[in-house]
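Enquirer:
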Amino acid sequence: MTVGGLDFLSVERAEAAGEFRLLARSSMEQRQRDAEAVFAERDGWLTAVSFPEETAHLASVGIADLSHLGKLEIRGASQPPLDPDVVWYQVHPERALCIFPPGRAAALQQGLVRGGAHVIDQSAGLAILALVGPHARALLRRLTDLDELPASGHAARVRADVLDRGSGVWIVFGQDYGHYLWEVAVDAAAPFGGGPIGLDVLEQEESAR
Amino acid sequence: MTFLLLCPNCGPRAVEEFITTGEVTVRPTAAPSRRELSRYIYFRTNAAGSQREWWYHRHGCELWFLAERDTRTNEVLGTELPPATRPEAG
Amino acid sequence: MTRLPPRATERLDRSQTVAFTFEGRTVQGYAGDTIGSALYAAGQRIFSRSFKYHRPRGLLCCSGHCPNCMMTVDDVPNVRVCAEPLREGAAVRAQNVIGSLERDLLSVVDRVAGPFMPPGFYYKTFIRPRRFWPLYEKLLRGAAGLGRVDPHAERTGRFDTEDRRVDTLVVGGGRDGLKASIAAASGGESVALVDENPEVGGSLLLSETGVSQARKLCEQARRAGVDVLASARAIGLYEGKLVPVDCGELLIRFRAERVIVVAGTAEQPLVFPGNDLVGVVLPQAARRLVNHWAVRPAESAVVITADDTGLEAVEDLQAAGTKIVAVVDLRQREPRAIAARGRRGAVTAVEIDGQRLACDLVVASGSPQPNYALLAHAGAKVEHDPARGVFIPTELPAGVESVGAAAGLIGAPAVPAASYEPARRRPGKSFVCLCEDQTTKDLKLAINEGFDSIELSKRYTTVTMGPCQGRLCHLNSIRTYAAETASSEASIGTTTARPPWAPVSLQLLAGRAHEPARRTALHHRHREHGAEMIWTGEWRRPYSYGDPAGEAAVVHDAVGLIDVSTLGKILVAGPEAAAFLERIYPNRFGNMEEGRIRYGVLTSDAGRIMDDGTLARLSPNEYYVTTTSTGAEGVIEWFEWWNATWQHDVEIINVTSALAAVNIAGPSSRELLGRLTDLDVTAEGFRYLDAKRAYVAGIPSLLLRIGFVGELGYEVHFPSPYAVDFWNTVLERGADLGVDVFGLEAQRILRLEKAHIIIGQDTDSESNLLEASMPWILKLDKDDFVGRWSTEHVDRRGLMTRLVGFEMDAAQLPLEGGQIVENGRIVGRVTSVRRSEAVGRTIGLAWVPAESAQEGAEIDIQVDGRPAPATVTLKPFYDAEGERLRA
Numbered sequence: 621m622t623v624g625g626l627d628f629l630s631v632e633r634a635e636a637a638g639e640f641r642l643l644a645r646s647s648m649e650q651r652q653r654d655a656e657a658v659f660a661e662r663d664g665w666l667t668a669v670s671f672p673e674e675t676a677h678l679a680s681v682g683i684a685d686l687s688h689l690g691k692l693e694i695r696g697a698s699q700p701p702l703d704p705d706v707v708w709y710q711v712h713p714e715r716a717l718c719i720f721p722p723g724r725a726a727a728l729q730q731g732l733v734r735g736g737a738h739v740i741d742q743s744a745g746l747a748i749l750a751l752v753g754p755h756a757r758a759l760l761r762r763l764t765d766l767d768e769l770p771a772s773g774h775a776a777r778v779r780a781d782v783l784d785r786g787s788g789v790w791i792v793f794g795q796d797y798g799h800y801l802w803e804v805a806v807d808a809a810a811p812f813g814g815g816p817i818g819l820d821v822l823e824q825e826e827s828a829r
Numbered sequence: 005m006t007f008l009l010l011c012p013n014c015g016p017r018a019v020e021e022f023i024t025t026g027e028v029t030v031r032p033t034a035a036p037s038r039r040e041l042s043r044y045i046y047f048r049t050n051a052a053g054s055q056r057e058w059w060y061h062r063h064g065c066e067l068w069f070l071a072e073r074d075t076r077t078n079e080v081l082g083t084e085l086p087p088a089t090r091p092e093a094g
Numbered sequence: 009m010t011r012l013p014p015r016a017t018e019r020l021d022r023s024q025t026v027a028f029t030f031e032g033r034t035v036q037g038y039a040g041d042t043i044g045s046a047l048y049a050a051g052q053r054i055f056s057r058s059f060k061y062h063r064p065r066g067l068l069c070c071s072g073h074c075p076n077c078m079m080t081v082d083d084v085p086n087v088r089v090c091a092e093p094l095r096e097g098a099a100v101r102a103q104n105v106i107g108s109l110e111r112d113l114l115s116v117v118d119r120v121a122g123p124f125m126p127p128g129f130y131y132k133t134f135i136r137p138r139r140f141w142p143l144y145e146k147l148l149r150g151a152a153g154l155g156r157v158d159p160h161a162e163r164t165g166r167f168d169t170e171d172r173r174v175d176t177l178v179v180g181g182g183r184d185g186l187k188a189s190i191a192a193a194s195g196g197e198s199v200a201l202v203d204e205n206p207e208v209g210g211s212l213l214l215s216e217t218g219v220s221q222a223r224k225l226c227e228q229a230r231r232a233g234v235d236v237l238a239s240a241r242a243i244g245l246y247e248g249k250l251v252p253v254d255c256g257e258l259l260i261r262f263r264a265e266r267v268i269v270v271a272g273t274a275e276q277p278l279v280f281p282g283n284d285l286v287g288v289v290l291p292q293a294a295r296r297l298v299n300h301w302a303v304r305p306a307e308s309a310v311v312i313t314a315d316d317t318g319l320e321a322v323e324d325l326q327a328a329g330t331k332i333v334a335v336v337d338l339r340q341r342e343p344r345a346i347a348a349r350g351r352r353g354a355v356t357a358v359e360i361d362g363q364r365l366a367c368d369l370v371v372a373s374g375s376p377q378p379n380y381a382l383l384a385h386a387g388a389k390v391e392h393d394p395a396r397g398v399f400i401p402t403e404l405p406a407g408v409e410s411v412g413a414a415a416g417l418i419g420a421p422a423v424p425a426a427s428y429e430p431a432r433r434r435p436g437k438s439f440v441c442l443c444e445d446q447t448t449k450d451l452k453l454a455i456n457e458g459f460d461s462i463e464l465s466k467r468y469t470t471v472t473m474g475p476c477q478g479r480l481c482h483l484n485s486i487r488t489y490a491a492e493t494a495s496s497e498a499s500i501g502t503t504t505a506r507p508p509w510a511p512v513s514l515q516l517l518a519g520r521a522h523e524p525a526r527r528t529a530l531h532h533r534h535r536e537h538g539a540e541m542i543w544t545g546e547w548r549r550p551y552s553y554g555d556p557a558g559e560a561a562v563v564h565d566a567v568g569l570i571d572v573s574t575l576g577k578i579l580v581a582g583p584e585a586a587a588f589l590e591r592i593y594p595n596r597f598g599n600m601e602e603g604r605i606r607y608g609v610l611t612s613d614a615g616r617i618m619d620d621g622t623l624a625r626l627s628p629n630e631y632y633v634t635t636t637s638t639g640a641e642g643v644i645e646w647f648e649w650w651n652a653t654w655q656h657d658v659e660i661i662n663v664t665s666a667l668a669a670v671n672i673a674g675p676s677s678r679e680l681l682g683r684l685t686d687l688d689v690t691a692e693g694f695r696y697l698d699a700k701r702a703y704v705a706g707i708p709s710l711l712l713r714i715g716f717v718g719e720l721g722y723e724v725h726f727p728s729p730y731a732v733d734f735w736n737t738v739l740e741r742g743a744d745l746g747v748d749v750f751g752l753e754a755q756r757i758l759r760l761e762k763a764h765i766i767i768g769q770d771t772d773s774e775s776n777l778l779e780a781s782m783p784w785i786l787k788l789d790k791d792d793f794v795g796r797w798s799t800e801h802v803d804r805r806g807l808m809t810r811l812v813g814f815e816m817d818a819a820q821l822p823l824e825g826g827q828i829v830e831n832g833r834i835v836g837r838v839t840s841v842r843r844s845e846a847v848g849r850t851i852g853l854a855w856v857p858a859e860s861a862q863e864g865a866e867i868d869i870q871v872d873g874r875p876a877p878a879t880v881t882l883k884p885f886y887d888a889e890g891e892r893l894r895a
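Protein chains in written order, with our numbering: chain D, 621 to 829; chain P, 5 to 94; chain U, 9 to 895.
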């Protein structure tokens with residue numbers, strides 16, 4: 621099996637069949653372990669699916685790790701694909717960020733390249749923190765001065781793209797700051813009674829709306 | 005230093021989101037004499053007043069752009085993308 | 009008992025008594041009291057001893073702005089108890105006294121030491137004999153000052169910072185401020201209103217009708233959508249209309265399109281002998297005591313006032329049962345001389361133009377000085393209005409407005425004299441500055457000594473530099489100056505107003521410590537291996553796992569594993585990628601074959617070395633560029649900046665975070681790699697400086713066969729989420745080969761054995777390619793590139809210094825930075841040095857004079873203060889021909 625082009629950036633092209641043990645891990649895994657998360661394998665990723673007291677956290681502001689989602693960085697002129705599961709953010713006229721459920725990077729990339737854009741798989745490089753709940757915006761104000769979303773700026777002094785997700789916001793940033801930003805966000809949420817939530821309760825919350 | 009800089013893409017933002025390389029200089033077009041090279045590398049006008057500068061939106065859209073800033077008051081008189089990156093009209 | 013029957017304006021909840029201790033004695037107050045009002049109600053009159061003279065001081069302003077009521081509360085020093093809410097169990101103590109407030113032993117300073125402590129005394133007295141200065145200093149520091157800080161105290165409490173954006177921010181919640189906020193909100197703007205008092209309403213709160221009006225306006229504002237914040241003090245108005253607001257445990261940084269300053273005025277004291285006696289107060293102190301806390305301030309009072317505020321105080325005092333002995337309205341009668349008399353520091357009478365009036369309270373009100381500070385921060389000018397004797401803000405910058413008294417709408421007060429000192433030989437001390445104990449005599453002395461500009465004098469006398477920050481003394485000091493120098497207040501002017509507007513705690517400014525740290529995906533594994541982690545820029549990296557020399561030996565003898573994920577990684581792609589790289593690097597890259605790697609060095613246009621790394625050509629239009637660990641962002645910014653002008657058709661994309669990178673190095677690395685991949689890893693199949701793409705341990709990877717650590721080795725780059733599994737698999741599969749992990753220090757030893765330079769360690773911001781012994785990087789037979797002319801200039805000028813290797817006896821170990829010495833002069837320096845077990849010598853890199861840059865040249869290096877001999881070498885110390893590397 622060969623690796624062509626820039627496939628060495630691709631999380632989804634890993635071949636776990638047979639001899640090698642492979643699991644994609646979020647940069648925030650250890651902090652989540654420290655917070656007593658329950659983990660499960662989803663789509664080739666080790667994800668934190670629940671935390672103690674997450675229902676109470678969600679009533680104020682829940683913090684969830686969505687690093688397992690796929691992301692593409694698009695350069696040049698491009699059009700967002702017509703797909704409700706694809707989140708599109710235009711950073712500037714010649715640069716966009718695209719976020720989608722895991723496993724779809726190759727197909728989306730092909731479509732965009734056909735349209736003439738230069739596309740790089742950043743699924744591995746970008747981490748995502750979701751802030752969900754009535755105090756999500758209040759918590760955001762403790763991390764950044766970004767006000768009108770979506771916008772690119774900083775979160776706790778780290779460059780980030782901040783997207784409006786209705787019931788909350790997504791903070792997209794370089795995964796090497798994962799430990800740091802998780803710690804800062806959970807600390808900032810404490811005075812609000814907020815804290816970590818897992819993917820299961822997040823999913824329930826989203827389908828309820 | 006807390007002034008607002010008008011990023012041509014993102015709008016007015018706090019100056020700490022940016023870095024600057026300072027005054028716009030003119031690079032010699034052909035092999036310069038030693039004096040011309042020295043001037044280019046070491047000398048700056050350093051105006052007390054309006055100055056044309058390069059700024060980069062480091063914590064933001066990551067675009068380079070030009071700004072006119074009054075160095076005495078930090079009033080930003082205008083900003084624009086570098087000439088060739090501005091989208092063509094029509 | 010001085011507590012009055014319940015009043016409509018009071019803040020007290022009389023159903024809740026609150027007990028606290030003062031100097032160890034239990035005192036009772038009510039919920040709604042401040043510590044100061046509870047103490048006053050219980051009979052306490054002396055609240056502090058002054059900074060220098062230890063004179064007894066009592067409540068003066070009762071609004072948290074003067075220094076007179078500062079005490080230590082629960083070990084927090086300098087708390088203004090007149091504004092501090094009372095809480096159960098608070099432990100309140102006096103500060104800066106030896107003994108008690110009533111009998112302070114240090115008050116001897118007032119009686120005796122005064123002549124030795126004029127302004128600037130530390131330049132004049134307590135100097136000789138010089139050897140006594142440490143003693144003098146200790147005594148002076150002990151006697152002067154305010155509260156004491158415990159240097160070992162832990163940070164208590166939690167302080168957060170928040171950013172908010174509004175269309176309009178109104179500073180000041182009195183009647184005018186509330187109305188301004190309602191007007192702005194009714195116009196559809198997002199509005200916030202901040203007021204430093206616990207309840208919004210300003211001076212409306214001093215009367216029953218006013219309280220009801222304040223509540224209605226506040227309701228109206230909230231319904232209009234105004235965010236009304238009490239106990240929120242704006243501390244400055246910075247560039248870009250940034251207004252930080254101190255809310256106690258939260259700092260809110262407001263950005264507003266419009267800032268409306270409705271900060272009111274500060275009542276000014278009058279200047280006369282005895283004006284610092286306990287019982288000499290400003291009208292607002294009397295009015296607040298009566299109205300907010302239902303306390304009768306005194307038995308009998310004399311009121312001297314420049315405007316209506318004193319008359320309002322008269323009404324309140326009468327309602328409280330205080331006998332009004334006399335009222336002097338300066339608008340109708342201007343006395344020539346006023347002097348207050350007292351016993352044990354408390355006022356007993358005041359003499360006005362020779363007439364003695366017995367009383368235990370003197371309400372003395374000078375001008376209402378507009379609080380212009382925030383406006384001045386923003387760049388407004390401040391001008392003297394001679395008709396009313398105060399300074400008014402003018403020429404407000406765009407987006408900054410002022411309304412009401414702060415803007416100068418203060419009616420028509422009298423203009424008080426600079427001082428009402430009686431003309432007699434020993435009139436007594438007339439204080440201009442209570443915080444710093446500066447009298448009219450002190451200011452005159454300073455002027456006579458030549459400190460005749462207000463800015464100079466401020467720094468010499470320290471007037472306005474105390475806790476009140478000029479609020480109660482600046483105007484009077486300017487009037488004194490004008491009188492003394494026979495000039496006008498307008499020509500003297502004011503000193504520059506600077507934030508903060510009031511003292512703010514460092515804890516609040518520090519907030520939560522947001523110090524960004526970057527960690528690789530292997531961070532936890534390094535901790536599990538027992539690594540000692542260090543900072544490299546923002547990165548956390550393993551310095552070693554306990555035995556750097558042993559770790560290096562594993563790489564020489566078997567196979568080692570190091571996490572190099574921190575390397576910057578950049579994709580340069582597009583039809584003009586090659587042209588772009590040719591133009592920005594001194595190297596040649598355009599003729600590289602696909603799948604090959606070159607070492608590149610980036611230079612500035614001044615020919616100075618900026619960064620280095622490897623470039624692999626992945627395809628005709630794609631290059632994979634690595635940079636130093638702390639250099640990635642800078643290199644991208646550099647690339648983008650040049651391309652903003654050149655506009656080459658190329659994309660520059662940061663993939664540093666996307667990829668983890670692990671170096672597998674050592675004679676057994678080929679064997680180990682072969683177990684993890686189907687790729688042909690034979691010497692012919694995967695040559696030195698080849699770049700290959702293949703599955704390694706099931707993970708799609710880019711492999712670079714390069715040699716920073718000098719042994720056969722492969723740098724594997726792959727998606728970072730798989731780092732832990734990759735690492736574990738390699739260690740498992742290579743166990744029988746003796747594989748082990750190595751850290752930064754081992755890597756440093758290994759690269760030094762090969763004389764491989766580290767940018768920033770062996771080079772500095774002046775180093776150029778030629779003197780750094782890398783002439784082969786430079787390709788002059790191509791078109792213009794960044795740094796070309798400067799490097800050519802160095803070539804023409806000739807090299808003056810050279811970066812070379814040196815080796816010496818292993819018994820000697822110079823310091824990095826150690827000097828190269830020749831005939832007693834320093835001619836160079838050591839940049840890197842280590843003892844190498846593999847080489848058996850001390851080895852290093854150093855900058856030496858160009859003449860000494862010869863194979864075998866002898867140089868001297870300072871070691872422990874003595875020159876030690878070393879030999880220059882231009883070859884690597886280990887495997888000089890690179891046979892092991894290129895195996």
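Each residue gets a CB set at the ideal place from its N, CA and C atoms; glycine is no exception.
Owing to the predicted nature of the structure, the values given are computational and were not obtained by experimental measurement.
Do you know how far the Cα of residue 59 of chain P is from the Cα of residue 11 of chain P?
Expert: The residue you call residue 11 of chain P lines up with position 7 of the second sequence. The residue you call residue 59 of chain P lines up with position 55 of the second sequence. Each residue's alpha carbon lies about 9 Å from the other.
Enquirer: For a cutoff of 8 Å on Cβ pairs, would you count residue 76 of chain P as touching chain U?
Expert: On the second sequence, residue 76 of chain P is found 72 positions in, with the first residue counted as 1. By this cut-off, residue 76 of chain P is not an interface position.
Enquirer: In terms of alpha-carbon separation, which member of P/64, P/50 and P/38 lies closest to residue 76 of chain P?
Expert: One-based indexing of the second sequence puts residue 76 of chain P at position 72. Ranking the options by Cα distance to residue 76 of chain P, first place goes to P/50.
Enquirer: What is the rounded straight-line gap between the Cα of residue 574 of chain U and the Cα of residue 639 of chain U?
Expert: As a first step, residue 574 of chain U is located in the third sequence; it is residue number 566 there, counting from the start. As a first step, residue 639 of chain U is located in the third sequence; it is residue number 631 there, counting from the start. Roughly 10 Å separates the two Cα atoms.
Enquirer: Can you give me the Cβ contacts of residue 807 of chain D inside the same chain, cut-off strictly under 6 Å, excluding the 5 residues immediately before and after it?
Expert: Walking along the first sequence from the start, residue 807 of chain D turns up at place 187. Hits under 6 Å: none found.
Enquirer: The alpha helix (DSSP H) with residue 556 of chain U in it runs from where to where?
Expert: Along the third sequence, read from residue 1 onward, the residue named residue 556 of chain U stands at position 548. Its alpha helix (DSSP H) spans residues 556-565.
Enquirer: Measuring only between beta-carbons, confirm whether residue 306 of chain U sits less than 8 Å from chain P.
Expert: What you label residue 306 of chain U is simply residue 298 of the third sequence in a count that begins at 1. It does not; no Cβ of chain P falls within 8 Å.
Enquirer: Taking any Cβ of chain P, which residues in the region 790-818 of chain U have a Cβ under 7 Å from it, in chain order?
Expert: 797, 798 and 801
Enquirer: Three-state secondary structure (DSSP) at residue 239 of chain U?
Expert: For the purposes of this step, residue 239 of chain U is identified with residue 231 of the third sequence, where counting begins at 1. Residue 239 of chain U: coil per DSSP, three-state reduction.
Enquirer: Note down, in chain order, each residue of its chain lying with its Cβ closer than 7 Å to the Cβ of residue 171 of chain U, except the 5 sequence neighbours on either side.
Expert: Numbered from 1 along the third sequence, position 163 holds the residue referred to as residue 171 of chain U. The residues are 261.
Enquirer: Write down every uninterrupted run of the beta strand (DSSP E) in the region 733-766 of chain D whose length is 3 residues or greater and which is fully enclosed by it, in chain order.
Expert: 738-741 and 746-752
Enquirer: DSSP state of residue 168 of chain U, grouped into three classes?
Expert: Here residue 168 of chain U corresponds to residue number 160 of the third sequence, with the count starting at 1. In the structure shown, residue 168 of chain U sits in a strand (DSSP, three-state: E or B).
Enquirer: To which residues does DSSP link residue 550 of chain U through a beta bridge?
Expert: Residue 550 of chain U sits at position 542 when you count from the first residue of the third sequence. According to DSSP, residue 550 of chain U bridges with U/541.
Enquirer: In the DSSP assignment, what are the bridge partners of residue 698 of chain U?
Expert: Along the third sequence, one-based indexing puts residue 698 of chain U at 690. Paired residues: U/604.
Enquirer: Could you pull out every unbroken alpha helix (DSSP H) segment of at least 4 residues lying fully inside the region 662-707 of chain U, listed in chain order?
Expert: 677-682
Enquirer: Closer than 8 Å, CB to CB, is residue 88 of chain P near chain D or not?
Expert: Stepping through the second sequence from its first residue, residue 88 of chain P is reached at position 84. Closer than 8 Å: no.
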